[in-house]
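Student:
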Amino acid sequence: MKKYFLPLVMLTIFETIAVSLWLTQNNIFYLFNFSYIGISISLGVFLYIKKYKHARRVAQLLVGLYMLVYLGLICNENMQIEGFWYYLFTGTFEAATIHYAVAKIFGPLVFGRGWCGYACWTAMVLDFLPYKVPEAPRKKIGWIRYLTFAISLIFVSALFLAHVGNMEKIMFWAFITGNVMYYSAGIILAFVFKDNRAFCKYICPVTIFLKPMSYFSMLRITCDKSKCVSCGKCKKVCPMEVDVTDNSRNRKNGTECILCFECVKNCPKNAL
Ligand code: SF4
Ligand code: SF4
Ligand code: SF4
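Adding 1007 to a residue's 1-based position in the sequence shown gives its number in the numbering used here.
#1: For the stretch 1263 to 1274 and the stretch 1218 to 1237, state whether three or more C-beta atom pairs, one from each stretch, are separated by less than 8 Å.
#2: Hey, is G1124 close to ligand 2, as in C-beta under 7 Å from one of its heavy atoms?
#3: State the DSSP-derived secondary structure class of W1150, mapped to helix, strand or coil.
#4: Return the CA-CA distance between L1028 and Y1037, expressed in angstroms with no decimal places.
#5: Residues in the same chain with beta-carbon distance under 7 Å from C1235, minus the five sequence neighbours each way, listed in chain order, please.
#6: Just to confirm before moving on: does the CB-CB distance between I1215 and R1152 stay below 8 Å?
#7: Mind listing, in chain order, the continuous alpha helix (DSSP H) runs of no fewer than 4 residues lying wholly within the stretch 1196 to 1245?
#8: Who are the near neighbours of N1083 in its chain, counting only those whose CB is closer than 6 Å to its CB and skipping five residues on each side?
#9: Do Y1055 and F1200 have their C-beta atoms closer together than 8 Å?
#10: Mind listing, in chain order, the continuous alpha helix (DSSP H) runs of no fewer than 4 residues lying wholly within the stretch 1081 to 1127?
#11: Taking the alpha-carbon of I1194 as reference, which of R1064, A1143, N1040 and A1130 has the nearest alpha-carbon?
#12: Short of 7 Å in beta carbon distance, which residues of its chain neighbour G1156, apart from the five on each side in sequence? Order them along the chain.
#13: What residue range does the alpha helix (DSSP H) around V969 cover?
#14: If you draw a straight line from the alpha carbon of A1062 to that of L1168, how long is it in whole angstroms?
#15: By how many angstroms is the C-alpha of S1233 removed from the C-alpha of P1141?
#16: For M1225, is the beta carbon positioned less than 7 Å from some heavy atom of ligand 3?
#17: Could you give the residue range of the alpha helix (DSSP H) that holds P1014?
#18: Considering only residues of the same chain and omitting the five flanking positions on each side of V1163, which have a CB-CB separation below 8 Å?
#19: From L1136, K1147 and G1185, pick the residue whose C-alpha is nearest to that of S1159; which is it?
#20: Taking only three categories from DSSP, how would you classify I1284?
#21: Is P1246 near ligand 2, with its Cβ less than 7 Å from a heavy atom?
#22: For ligand 5, is there a heavy atom less than 7 Å away from the beta-carbon of S1237?
#23: Taking C-beta to C-beta, are L1078 and A1066 nearer than 8 Å?
#24: In or out: F1041 buried (at least 16 other Cβ within 10 Å) or exposed?
#25: Look at A1110 and A1126 and say whether their C-beta atoms are less than 8 Å apart.
#26: For a test of the three-state rule: what should DSSP assign to L1279, helix, strand or coil?
#27: Nearest-angstrom Cα distance between F1021 and I1183?
#28: Looking at I1046 and L1018, is the spacing between their C-beta atoms short of 8 Å?
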């Protein structure tokens, strides 16, 4: 039973959010929405425990497709960062504001960048590309994420300041255009830098929230130094180049761990 602790914890966290939002917002949609996400993520973790090779991808596709196709395209909710600014400026605590609060701002204090490993619809596609582990050294262009973050904020602020009408429609088309741009940039960068996750490392504006919050994450991979033989396998298989043998919070690329467990699976000494 002990080995099912993590999926049960994940399910409990999401069910607590589902029931709390359902009752406080008086909207049963939240019960279905967060229950579905919680079940999908717990299923992914459960399958991982059962040693199913594609466990993480199952959760990623279940959640990513639900958010992109159902919430985004069918329900016309802009779940990207522009949607977050939009709902924030209108003072509405729903859709993207709740999504950001749970998955990208406060949630990472508990489950780090689990969103990036198990749910993001951009990475859902990028993870199909051939460079699962970077084949070239990391570039010093991480500053671009501040630019994309500022552009998204300026774009939505300008719409409000100009009192543009039909904002709902504009946000829907911003969602479509934004995703086309993200996927195009992500795929091109993956091939140019020989790294599926190059977009996550250099461009994604959401990391401005994710990185500082995941620094304090309760859930993190740690290394039992008494078992480690410094073989370096964990670093070779890490898509985010995290120095996982260093247990300090300041470890190299520590705020980029997506909890994919590749290092854990490949450690010959079960030290992680
Ligand atoms: S860094 Fe951005 S694009 Fe990459 S997985 Fe996280 S949220 Fe998605
Ligand atoms: S793979 Fe395991 S034994 Fe090898 S360096 Fe990493 S933690 Fe240590
Ligand atoms: S391989 Fe390990 S350290 Fe690297 S991202 Fe995955 S879980 Fe984190």
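For every residue, glycine included, the Cβ atom is placed at its ideal position computed from N, Cα and C.
Tutor: This is what the structure gives:
#1: At 8 Å Cβ cutoff, the stretches touch.
#2: Within the chosen limit of 7 Å, ligand 2 does not reach the beta carbon of G1124 with any heavy atom.
#3: Assignment of W1150 by DSSP, reduced to helix, strand and coil, places it in the coil class.
#4: Taking the Cα positions, L1028 is about 6 Å away from Y1037.
#5: Within the same chain, T1252, K1276 and A1278 come within 7 Å of C1235 by CB-CB distance, once the 5 residues on both sides are set aside.
#6: The answer is yes: Cβ separation under 8 Å.
#7: Segments of the alpha helix (DSSP H) lying fully in the stretch 1196 to 1245: 1205 to 1209, 1214 to 1221 and 1240 to 1244.
#8: Excluding sequence neighbours, N1083 sits near F1179.
#9: One thing to note: Y1055 has its Cβ no nearer than 8 Å to the Cβ of F1200.
#10: Counting only runs of 4 or more residues that sit fully inside the stretch 1081 to 1127, the alpha helix (DSSP H) segments are 1088 to 1097, 1103 to 1106, 1115 to 1118 and 1121 to 1125, in chain order.
#11: The shortest Cα separation from I1194 among R1064, A1143, N1040 and A1130 belongs to A1130.
#12: One point to set straight first is that residue 1156 is Phe, not Gly, in the sequence displayed. Correct list, in chain order: P1212 and I1215.
#13: With the chain covering 1008 to 1279 only, the question about residue 969 has no answer from this structure.
#14: When rounded, the distance between both Cα atoms is 45 Å.
#15: As the crow flies, the alpha-carbon of P1141 is around 29 Å from that of S1233.
#16: Flag unset: Cβ of M1225 not near ligand 3.
#17: Looking at the DSSP string, the run of the alpha helix (DSSP H) that includes P1014 is F1012 to Q1032.
#18: Taken in chain order, the residues that qualify are E1089, W1092, Y1093 and F1096.
#19: Answer by Cα proximity: G1185.
#20: Because residue 1284 is not part of the residues shown, which for the chain are 1008 to 1279, the question remains open.
#21: P1246 Cβ: outside cutoff for every heavy atom of ligand 2.
#22: Absence of ligand 5 is noted for the structure shown, with ligand 1, ligand 2 and ligand 3 being the only ligands found.
#23: Their beta carbons are not under 8 Å apart, which means L1078 does not touch A1066 by this criterion.
#24: Counting every other CB atom within 10 Å of its CB across the protein chains shown gives F1041 a total of 16 or more, marking it as buried.
#25: For A1110 and A1126, yes; Cβs fall inside 8 Å.
#26: Coil, per DSSP.
#27: If you draw a straight line from the Cα of F1021 to the Cα of I1183, it comes to about 28 Å.
#28: A distance below 8 Å separates the beta carbons of L1018 and I1046.
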